[in-house]
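Peer 1:
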Amino acid sequence: MSKLPSKRTEINVGPQHPALKEPETFKVVIEGEKVVEAEPILGHVHRGIEKLAESRDYNKVLYLAERICGICSFAHQANYAKGVEMIAEVEAPPRAQYLRMLVAELERLHSHMLWVGVLAHEIGFDTYYLLVWKDREIIMDMLEDLTGNRVNYGMNKVGGVRQDLSPELKKEFIEKIPLIREKLEEIKTIALEDPTIKARCNNVGIISGELARQTCVTGPTARASGINWDLRRDSPYFAYDEVKFNVPISEKGDVFSKIVLRIEEMFESVNIIEQVLEMIPDGEIFNKVPSRLNGKAVSRIEAPRGENFHYIDFRESKQPYRMRVRAPTYANLASSVKVLIGHHIADVPVIVAANDPCFSCTDRTLVIDKDRGKKKLLTKEQLRLLGIKTYKEGIL
Amino acid sequence: MENPPLVKKTLQKKRVGIFSRFGLKITTWARKRSPWLLHMNTGSCNGCDIEILAALTPRLDAERFGVKLVGSPRHADVLVCTGPVTLEMEEALIQTYQQMPHPKFVMVVGSCGATGGVFKNSYNVKNGVDQVIPVDIYVPGCPPKPEAIFMGIAQLIQKIENLGLIGEEKQESSSNTQEVETMETIA
Ligand code: SF4
Numbered sequence: 001m002s003k004l005p006s007k008r009t010e011i012n013v014g015p016q017h018p019a020l021k022e023p024e025t026f027k028v029v030i031e032g033e034k035v036v037e038a039e040p041i042l043g044h045v046h047r048g049i050e051k052l053a054e055s056r057d058y059n060k061v062l063y064l065a066e067r068i069c070g071i072c073s074f075a076h077q078a079n080y081a082k083g084v085e086m087i088a089e090v091e092a093p094p095r096a097q098y099l100r101m102l103v104a105e106l107e108r109l110h111s112h113m114l115w116v117g118v119l120a121h122e123i124g125f126d127t128y129y130l131l132v133w134k135d136r137e138i139i140m141d142m143l144e145d146l147t148g149n150r151v152n153y154g155m156n157k158v159g160g161v162r163q164d165l166s167p168e169l170k171k172e173f174i175e176k177i178p179l180i181r182e183k184l185e186e187i188k189t190i191a192l193e194d195p196t197i198k199a200r201c202n203n204v205g206i207i208s209g210e211l212a213r214q215t216c217v218t219g220p221t222a223r224a225s226g227i228n229w230d231l232r233r234d235s236p237y238f239a240y241d242e243v244k245f246n247v248p249i250s251e252k253g254d255v256f257s258k259i260v261l262r263i264e265e266m267f268e269s270v271n272i273i274e275q276v277l278e279m280i281p282d283g284e285i286f287n288k289v290p291s292r293l294n295g296k297a298v299s300r301i302e303a304p305r306g307e308n309f310h311y312i313d314f315r316e317s318k319q320p321y322r323m324r325v326r327a328p329t330y331a332n333l334a335s336s337v338k339v340l341i342g343h344h345i346a347d348v349p350v351i352v353a354a355n356d357p358c359f360s361c362t363d364r365t366l367v368i369d370k371d372r373g374k375k376k377l378l379t380k381e382q383l384r385l386l387g388i389k390t391y392k393e394g395i396l
Numbered sequence: 001m002e003n004p005p006l007v008k009k010t011l012q013k014k015r016v017g018i019f020s021r022f023g024l025k026i027t028t029w030a031r032k033r034s035p036w037l038l039h040m041n042t043g044s045c046n047g048c049d050i051e052i053l054a055a056l057t058p059r060l061d062a063e064r065f066g067v068k069l070v071g072s073p074r075h076a077d078v079l080v081c082t083g084p085v086t087l088e089m090e091e092a093l094i095q096t097y098q099q100m101p102h103p104k105f106v107m108v109v110g111s112c113g114a115t116g117g118v119f120k121n122s123y124n125v126k127n128g129v130d131q132v133i134p135v136d137i138y139v140p141g142c143p144p145k146p147e148a149i150f151m152g153i154a155q156l157i158q159k160i161e162n163l164g165l166i167g168e169e170k171q172e173s174s175s176n177t178q179e180v181e182t183m184e185t186i187a
């Protein structure tokens, strides 16, 4: 690679994408093959949700909140419901709290599995991707059996939940737990032992503890950099103070440690699900809430990708006066921009995907050679293949 | 969806020569065997996107029908759109559509791509993909199950087949405006 002239080249990555990620554009300046500058351009999926919420009844906003993101849909909806309950000074009954916890952990499982698959796809290890996604269907089936839907569950109401867990379903879930553990063990073994994953992810995209603090990252991204912070433990909501679980931490902060950390988190989620199924109390699943509300609330939840923040303001009305959402991806964005600098262009998709599948959008890439004014179109797929090819020839 | 009288008419009128008729048969056969999809997120919530991927992964495995996701518009036969089309993505959507080779088909997955869905009448969305480019197949649901997406693909394959049979006879089936529009783009 050293033969290439080190000329500054600007690359626009995005916004259309073939894999999973949202359309976002990244402006990357490279010198030779090294990234020297990176800048995200946001707003491709701005749908005006906050404004729409102001014109809707608080029950309808539930469905809007759910559709902020289809992957952590439950986290957004439960967070909103929790906030409105705080304003109304109504608590969801204990059984509803446990059911929320159950769905939240199932969602974390499916989201992390999805992420492992997407990362495997980015490094060109499609067998692993399909393997993980096959196992993910077990979780999706459980979610569908419980809530009636695979992605946007519509599980929450303000004041409780909509669907109850029947005794038969509970039995079925308990029977499925060893199977999930077994599949997770398989996923973990491959992640730890496969040379492809090691070669592409070890020591790539290191976010040091200091950088993590400076850029205010949250969730697994922060925990992989040694920041010991998990809202489920440090500011418990639902019934997280009644179940026992560990918060896995890693010091290194590279992509590989993020894979391992997320797999560890999945094991903890299974532990929580097991305890929830054991301890779930009987009773009501829903409490009534007055139709007009007054007050403000800040509600936080540990979503699969990090801290999810909702600010809700009611002024003697049915509709929220103001709703503000801060999703974890937004918090993690700054760190991945910093970390790209100094890396090989072939590592860009991996590093960007490492923080969050809700984010990277390296899709149609426009290479502008400033000096010659020549334009060249690259797709994200080509960028991915370039990455795989470079590593095949160079390092592996 | 069979349309035998129409085919007969085409043959009688001898609008297409014997060689081009044979060529048409071959291209139709090739097209319906392996529709390559280009997935484009036009402002969706990701819900439909992960379900599209779920339709391609081992449980349903759409690849056994030759259905494959590709990365570049220039390789694609079918543009799969999700999302209500935000103003920011409108330009990109049109560009991507123009970059695709003929014949091109558009499939919309999800309610918000069809009508705007929950985001309807927001200040930043176009209320559906059909406001921007012509659409062939809608798969409703928020999000539709992978099985439904699968069925959408199957129906699209049937549509491609019928288009091949109809050939250049486009005005005859003017009951569906969208269909006519696509056929015009083929001609
Ligand atoms: S139809 Fe529903 S699930 Fe699909 S992208 Fe739109 S809001 Fe999300």
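Going down the list, the protein sequences come from chains A and B. Counted from 1, the first sequence has number 98 at position 98 by the numbering used here; the numbering is strictly sequential. Counted from 1, the second sequence has number 144 at position 144 by the numbering used here; the numbering is strictly sequential. Every residue gets a Cβ at the ideal spot worked out from N, C-alpha and C, and that includes glycine.
(1) Only counting the same chain, and skipping five residues up and downstream in sequence, which positions put a Cβ closer than 8 Å to that of Arg8 of chain A?
(2) Distance cutoff 8 Å, beta carbons only. Does Pro140 of chain B sit that close to anything in chain A?
(3) With a threshold of 8 Å, are at least 3 pairs of Cβ atoms found where one atom belongs to the stretch 36-43 of chain B and the other to the stretch 85-97 of chain B?
(4) So what's Lys318 of chain A in DSSP terms, helix, strand or just coil?
(5) Quick check on Arg21 of chain B - is its C-beta less than 8 Å from some C-beta in chain A?
(6) Beta-carbon separation of Leu261 of chain A and Ala224 of chain A under 8 Å?
(7) Alpha helix (DSSP H) containing Ala53 of chain A: first to last residue?
(8) Quick one, which of A:Lys258, A:Ala199 and A:Glu105 has its alpha-carbon nearest Ser208 of chain A's?
(9) Between Lys32 of chain B and Ile157 of chain B, which are expected to be in contact by the criterion C-beta below 8 Å, what is the C-beta distance as a whole number of angstroms?
(10) In chain order, what residues of the same chain have a beta carbon less than 6 Å from the beta carbon of Arg150 of chain A, not counting five sequence neighbours either side?
(11) Could you give the DSSP three-state label for Val84 of chain A: helix, strand or coil?
(12) Using a Cβ-Cβ distance cut-off of 8 Å, determine whether Glu137 of chain A contacts chain B.
(13) Is Val106 of chain B near the ligand SF4, going by C-beta to nearest heavy atom under 7 Å?
(14) With a cut-off of 8 Å, does the C-beta of Glu147 of chain B fall near any C-beta of chain A?
(15) Going along the chain, which residues of the stretch 146-175 of chain A sit with their C-beta nearer than 7 Å to a C-beta in chain B?
(16) Measuring only the C-alpha atoms, how far is Leu52 of chain A from Val339 of chain A?
(17) Return yes when the Cβ of Ile312 of chain A is within less than 8 Å of the Cβ of Met323 of chain A, no when it is not.
(18) Could you check the C-alpha separation between Val80 of chain B and Ile138 of chain A for me, to the nearest Å?
(19) Spatial neighbours of Ser299 of chain A within its chain, please: C-beta separation below 6 Å, excluding the five flanking residues on both sides.
(20) Cβ closer than 9 Å: which chain A residues qualify as neighbours of Phe255 of chain B?
(21) Determine the contact status of Glu302 of chain A and Leu211 of chain A, defining contact as a CB-CB distance below 8 Å.
(22) Could you pull the start and end residues of the beta strand (DSSP E) that His75 of chain B belongs to?
(23) Please decide whether Gly70 of chain A counts as near chain B, where near means a Cβ-Cβ distance under 8 Å.
(24) For the beta strand (DSSP E) that contains Val36 of chain A, what are its first and last residues?
(25) Looking only at its own chain, which residues have a Cβ that is under 8 Å from the Cβ of Thr177 of chain B, when we skip the five neighbours before and after it?
(26) Could you check whether the Cβ of Gly43 of chain A sits closer than 8 Å to any Cβ belonging to chain B?
(27) Exposed or buried, which one is Asp136 of chain B when buried takes at least 16 other CB atoms within 10 Å?
(28) Let me see if you follow: with CB-CB separation under 8 Å, is Asn127 of chain B close to chain A or not?
(29) Flag Trp133 of chain A as yes if its beta-carbon sits less than 8 Å from any beta-carbon of chain B, otherwise no.
(30) Along the stretch 72-103 of chain A, where does the CB come closer than 8 Å to a CB of chain B? Name the residues.
(31) Taking only heavy atoms of the ligand SF4 into account, decide whether any of them is closer than 7 Å to the Cβ of Thr82 of chain B.
(32) Nearest-angstrom Cα distance between Phe359 of chain A and Tyr58 of chain A?
(33) Does Leu109 of chain A get closer than 8 Å to chain B when you measure Cβ to Cβ?
(34) Hey, is Leu143 of chain A's beta-carbon within less than 8 Å of any beta-carbon in chain B?
(35) Quickly, what does DSSP pair His102 of chain B with across the bridge? List them, please.
Peer 2: Short version:
(1) Excluding sequence neighbours, Arg8 of chain A sits near Val29, Ile30, Glu31, Val36 and Lys370.
(2) With 8 Å as the cut-off, Pro140 of chain B does not count as an interface residue toward chain A.
(3) Yes: the two stretches touch, three or more of their Cβ pairs being nearer than 8 Å.
(4) Three-state DSSP puts Lys318 of chain A in coil, outside helix and strand.
(5) The C-beta of Arg21 of chain B comes no closer than 8 Å to any C-beta of chain A.
(6) Yes.
(7) Per DSSP, the unbroken alpha helix (DSSP H) holding Ala53 of chain A starts and ends at Ile49 to Ala53.
(8) That would be A:Lys258, whose Cα lies nearest to the Cα of Ser208 of chain A.
(9) Correct: roughly 5 Å between the Cβ atoms.
(10) Closer than 6 Å at the Cβ level, and outside the excluded window around Arg150 of chain A, lie Met140 and Glu144.
(11) In the structure shown, Val84 of chain A adopts helical secondary structure according to DSSP, grouped into three states.
(12) Interface residue, yes.
(13) At a cut-off of 7 Å, the beta-carbon of Val106 of chain B does not count as near the ligand SF4: no heavy atom of the ligand is closer than that.
(14) Chain A contact via Cβ: absent.
(15) Answer in chain order: Arg150, Val151 and Asn152.
(16) Whole-angstrom Cα-Cα distance: 35 Å.
(17) Yes, the pair counts as a contact, with Cβ atoms nearer than the cut-off.
(18) Cα to Cα, Val80 of chain B sits roughly 26 Å from Ile138 of chain A.
(19) These residues qualify, in order along the chain: Asn79, Lys82, Gly83 and His310.
(20) No answer is possible for residue 255 of chain B: it lies beyond the span of chain B, which begins at 1 and ends at 187.
(21) No, the Cβ-Cβ distance between Glu302 of chain A and Leu211 of chain A is not below 8 Å.
(22) Per DSSP, His75 of chain B belongs to no beta strand (DSSP E) and is neither H nor E.
(23) Yes, its Cβ sits closer than 8 Å to a Cβ of chain B.
(24) Segment Lys34 to Ile41, the beta strand (DSSP E) holding Val36 of chain A.
(25) Bear in mind that the predicted position of Thr177 of chain B carries a pLDDT of just 41, short of 50, making it too unreliable to give a figure here.
(26) At least one CB of chain B lies nearer than 8 Å to the CB of Gly43 of chain A.
(27) Buried, by the Cβ-count rule.
(28) Using a CB distance cut-off of 8 Å, Asn127 of chain B does not count as an interface residue toward chain A.
(29) Look at Trp133 of chain A: its C-beta is under 8 Å from a C-beta on chain B.
(30) Near chain B, meaning a CB-to-CB distance below 8 Å, the residues of the stretch 72-103 of chain A are Ser73.
(31) Correct: Thr82 of chain B has its Cβ closer than 7 Å to the ligand SF4.
(32) Bear in mind that a pLDDT of 38 at Phe359 of chain A, under 50, signals an unreliable position, so the model cannot answer this.
(33) By this cut-off, Leu109 of chain A is not an interface position.
(34) By this cut-off, Leu143 of chain A is not an interface position.
(35) DSSP, once it has assigned bridges, lists no residue as partnering His102 of chain B.
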